[in-house]
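**Student:** My questions all concern the structure below.
2 protein chains.
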Amino acid sequence: MDKKLDSKEKILQIASGLFQLQGYHATGINQIIKETGLPKGSIYHHFPNGKEELALAAVKFTSKYIEDRIIFFINKELDVVDAMQAFIIDSANQFRNPEDIEGIPLGLLACETALISEPLRLACMQAFQNWEQIIVNQFIKEGYEKDVAAKAGILFNSLTGGGIIQSLTNKDPGPLLAVAEAIPLVFPKKG
Amino acid sequence: MDKKLDSKEKILQIASGLFQLQGYHATGINQIIKETGLPKGSIYHHFPNGKEELALAAVKFTSKYIEDRIIFFINKELDVVDAMQAFIIDSANQFRNPEDIEGIPLGLLACETALISEPLRLACMQAFQNWEQIIVNQFIKEGYEKDVAAKAGILFNSLTGGGIIQSLTNKDPGPLLAVAEAIPLVFPKKG
DNA sequence: GTCTATAGGCAGATAGAC
DNA sequence: GTCTATCTGCCTATAGAC
Chain A
169 MDKKLDSKEK
179 ILQIASGLFQ
189 LQGYHATGIN
199 QIIKETGLPK
209 GSIYHHFPNG
219 KEELALAAVK
229 FTSKYIEDRI
239 IFFINKELDV
249 VDAMQAFIID
259 SANQFRNPED
269 IEGIPLGLLA
279 CETALISEPL
289 RLACMQAFQN
299 WEQIIVNQFI
309 KEGYEKDVAA
319 KAGILFNSLT
329 GGGIIQSLTN
339 KDPGPLLAVA
349 EAIPLVFPKK
359 G
Chain B
169 MDKKLDSKEK
179 ILQIASGLFQ
189 LQGYHATGIN
199 QIIKETGLPK
209 GSIYHHFPNG
219 KEELALAAVK
229 FTSKYIEDRI
239 IFFINKELDV
249 VDAMQAFIID
259 SANQFRNPED
269 IEGIPLGLLA
279 CETALISEPL
289 RLACMQAFQN
299 WEQIIVNQFI
309 KEGYEKDVAA
319 KAGILFNSLT
329 GGGIIQSLTN
339 KDPGPLLAVA
349 EAIPLVFPKK
359 G
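Shown next, in the form of structure tokens:
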């Protein structure tokens, strides 16, 4: 049982990384088994419905990972605006060295699958909403108006997702850092 | 010669649409020839280096198309802030009906290819920079400070790209419309 | 230049030995 | 449950008839 959990967890971890970096179509089952070192049968044992089921689990895995990172920065910084800024700056760092690039958490996979797999689309939508909700709740907790908070979540996701696209394309943290700098403009601090 | 130009133009138009909607990996040569009605030899006649060369031409085609649309709204509206807003609202409309969705101009293809094809990465980077530059020039023309203008271009690309990801994933114009609403906050009007 | 048939490789998936 | 060998089908690309 231990070994089974270890295998499944290992597959999930490797697969999540590859899906983030390469996207859905470019990431093959063969590549995943190669990088995990596990035999192909192992993947189909743990994920009988194949690639789509594995991707679905990987999306949830990534979703949780990003959630935790957002919460980490909220706990670390004094207010939510500083936390968003710190999160984005931290995300920008991976683009300093090409070999450090971890990819786009879910934006790439979401765009690839939104029109061809309803389960994957819904899972990505849920992930975006979870991240958004954390921001919204924190805005409300800090005393912002409800409608301001509601839009803050959407803007946070847009700015981050769009910034990553540009930083990845340019292989340069610059665009994301510019986005981070603009955060206080978009979300004026309270009081 | 006329027929040759017509064929090439037709391939480019169809291919650009498919790359925008489905991305690089999900779009096959076979699908392109099927939708154009042209034989496979025709593609390899016009684009001897195959899929990558065709995608490169499609990126330039799409780049110009978006450029023209941005300029259209700049000419139509009173100032650049209104123009950006109008452009984003117009982009949001495709998400009202699933069958109207045209996809992500270059964001998806850029993310898919940034790490595997240097020519495609550079072409996407150039496209983003062209769109950015149009916005920057207009900001300067309207009397904004140079550093404000420089960041405006990056933010415009980020907000648009990130908003489209969410609207596509949600199959809902809402996120892009929320982004459009926020535009005047991010770029306070002069005077 | 236009069009067709096919090569060659790799993907996802499966059957079945152990 | 673990692992391997193999099937089927699709992909890009090419050769070559017309």
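Read top to bottom, the protein sequences are chains A and B. Mapping of the first sequence onto the numbering used here: position 72 corresponds to residue 240, and the numbering continues sequentially without gaps. Mapping of the second sequence onto the numbering used here: position 154 corresponds to residue 322, and the numbering continues sequentially without gaps. In this text, a Cβ means the ideal position worked out from N, Cα and C, and glycines have one as well.
Please state whether the Cβ-Cβ distance between F324 of chain B and M252 of chain B is less than 8 Å.
**Tutor:** It is a contact, given that the beta carbons lie within the stated cut-off.
**Student:** Using a Cβ-Cβ cut-off of 7 Å (strictly less than) and excluding sequence neighbours within five positions of I234 of chain A, which residues of its own chain qualify?
**Tutor:** Excluding positions up to five away in sequence, the list reads P273 and W299.
**Student:** Under 8 Å between C-beta atoms, does E363 of chain A make it to chain B?
**Tutor:** Coverage of chain A is limited to positions 169 through 359, which leaves residue 363 of chain A absent and any answer about it impossible.
**Student:** Quick check: the Cα distance between Y312 of chain A and V304 of chain A, rounded to an integer number of angstroms?
**Tutor:** Looking at the two C-alpha atoms, the distance is approximately 9 Å.
**Student:** Please work out which residues of its chain come closer than 8 Å, Cβ to Cβ, to G185 of chain B, disregarding the five sequence neighbours upstream and downstream, and give them in chain order.
**Tutor:** Closer than 8 Å at Cβ, skipping near neighbours: E270 and G271.
**Student:** Counting C-beta neighbours from all protein chains within 10 Å, is the total for P343 of chain A 16 or more, i.e. buried, or is it exposed?
**Tutor:** P343 of chain A should be labelled buried.
**Student:** What is the rounded straight-line gap between the Cα of A348 of chain A and the Cα of K319 of chain A?
**Tutor:** Cα to Cα, A348 of chain A sits roughly 17 Å from K319 of chain A.
**Student:** Figure out for me which residue from A:L206, A:E310, A:F355 and A:D315 has the closest Cα to the Cα of L327 of chain A.
**Tutor:** Of the candidates A:L206, A:E310, A:F355 and A:D315, the one whose C-alpha sits nearest the C-alpha of L327 of chain A is A:F355.
**Student:** What three-state label does DSSP hand A282 of chain A in the structure shown?
**Tutor:** In this structure, A282 of chain A counts as coil in the three-state DSSP scheme.
**Student:** Any C-beta of chain B sitting closer than 8 Å to the C-beta of F263 of chain A?
**Tutor:** So, not an interface residue.
**Student:** May I have the straight-line CA-CA distance separating L206 of chain A from Q188 of chain A, to the nearest angstrom?
**Tutor:** Straight-line Cα distance between these residues: approximately 20 Å.
**Student:** H214 of chain A touches chain B at which residues, Cβ-Cβ below 8 Å?
**Tutor:** In chain order: nothing, as chain B lies at least about 25 Å away.
**Student:** Return helix, strand or coil for D247 of chain A, following the three-state DSSP convention.
**Tutor:** Three-state DSSP puts D247 of chain A in coil, outside helix and strand.
**Student:** May I ask you to report which of helix, strand or coil DSSP gives N198 of chain A?
**Tutor:** Here N198 of chain A sits in helix by DSSP.
**Student:** Give the C-beta separation of F296 of chain A and T337 of chain B to the nearest angstrom, bearing in mind that I take them to be a contact with Cβ-Cβ under 8 Å.
**Tutor:** 6 Å between Cβ atoms; contact.
**Student:** Mind checking which residues open and close the alpha helix (DSSP H) that includes E349 of chain A?
**Tutor:** Note, E349 of chain A: alpha helix (DSSP H), G342 to V354.
**Student:** Is there a C-beta anywhere in chain A that falls below 8 Å from the one on V347 of chain B?
**Tutor:** Closer than 8 Å to some Cβ of chain A, the Cβ of V347 of chain B qualifies, so yes.
**Student:** Would you list, in chain order, the members of the region 301 to 327 of chain A that have their beta-carbon closer than 8 Å to a beta-carbon of chain B?
**Tutor:** From the region 301 to 327 of chain A, only K319, I322, L323, N325, S326 and L327 have a Cβ closer than 8 Å to chain B.
**Student:** Anything in chain B within Cβ reach of F337 of chain A, meaning under 8 Å, just list it in chain order.
**Tutor:** Sequence inspection shows Thr at residue 337 of chain A; the Phe mentioned does not correspond to that position. Going along chain B in sequence order, the residues near T337 of chain A (Cβ under 8 Å) are A278, C279, A282, R289, C292, M293 and F296.
**Student:** What residues of chain B sit near P352 of chain A, judged by a beta carbon separation below 9 Å?
**Tutor:** Under the 9 Å cutoff, chain B gives no residues; its nearest Cβ is about 11 Å from P352 of chain A.
**Student:** Just checking my contact of L288 of chain A with V227 of chain A at CB under 8 Å: how many whole Å lie between their CB atoms?
**Tutor:** The pair is a contact, with the Cβ atoms about 7 Å apart (cut-off 8 Å).
**Student:** Pull up the distance between the alpha-carbon of M169 of chain B and that of S210 of chain B, whole angstroms please.
**Tutor:** Unreliable placement is indicated for M169 of chain B, whose pLDDT of 47 sits below 50; the coordinate value is still reported in the next sentence. Roughly 14 Å between the two C-alpha positions.
**Student:** Since P343 of chain B meets chain A, which of its residues come closer than 8 Å, beta carbon to beta carbon?
**Tutor:** Within chain A, the residues near P343 of chain B are I322, N325 and S326.
**Student:** Are any of the Cβ atoms in chain B nearer than 8 Å to that of I211 of chain A?
**Tutor:** By this cut-off, I211 of chain A is not an interface position.
**Student:** Any idea if I284 of chain B is buried or exposed, counting beta-carbon neighbours within 10 angstroms, 16 or more meaning buried?
**Tutor:** I284 of chain B should be labelled exposed.
**Student:** Distance cutoff 8 Å, beta carbons only. Does Q199 of chain B sit that close to anything in chain A?
**Tutor:** So no, Q199 of chain B is outside the interface.
**Student:** Quick one: Cα of G329 of chain B to Cα of K339 of chain A, how far?
**Tutor:** Between G329 of chain B and K339 of chain A, the C-alpha separation is close to 17 Å.
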